[in-house]
Amino acid sequence: MNKETTEKKNLRPQHPTATPSVFVNEGREGYEITFEIPGVGKEDVSLNIENRTLTLTTDNAYTPPEGLTCVSREFAAYNYAVSLDLPEHADTATIKATVANGVLTAKLCKKAELQPRRIEVAAE
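Throughout the sequence shown, residue numbering follows our numbering, covering 712 to 835 in sequence.
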């Protein structure tokens, strides 16, 4: 086997890039953003914020275990990429994200000054 063939064999397969389905929901106290990324695990996800832009990228690294060949799949292997502008009222410092069963959920609060609050009325 020549050097070029050996180098090509060691490269991970490249998957096409797709835009995931994204759902942005607003509640009284914050936002919940859901990304559908089937086949992607926690270790393959990158979620970044710069200014008010939230960017999701994935590197779907699935390859069959050594000595095995994939003969059937329920869905195609994709890398995912999407950027979205967050609302001005979103407090980007509070973002938390989880991934389970092919769904990444990011939650963040609204800025404190926009949170609903009760104002005490004092007697004179």
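Even for Gly, the Cβ is constructed at its ideal location relative to N, Cα and C.
Rounded to whole angstroms, the separation of the alpha carbons of Glu-835 and Leu-795 is 49 Å.
For the 8 Å CB-CB criterion, Gly-750 and Asn-771 form a contact.
Three or more Cβ pairs closer than 8 Å define a contact, and the stretch 755–774 meets that threshold against the stretch 804–815. When DSSP assignments are scanned along the stretch 732–773, the uninterrupted stretches of beta strand (DSSP E) that are 3 or more residues long and fall wholly within it turn out to be 732–737, 741–747, 756–761, 764–769. Relative to the Cα of Pro-731, the nearest Cα in the group Glu-754, Pro-776, Glu-777, Ala-788 belongs to Ala-788.
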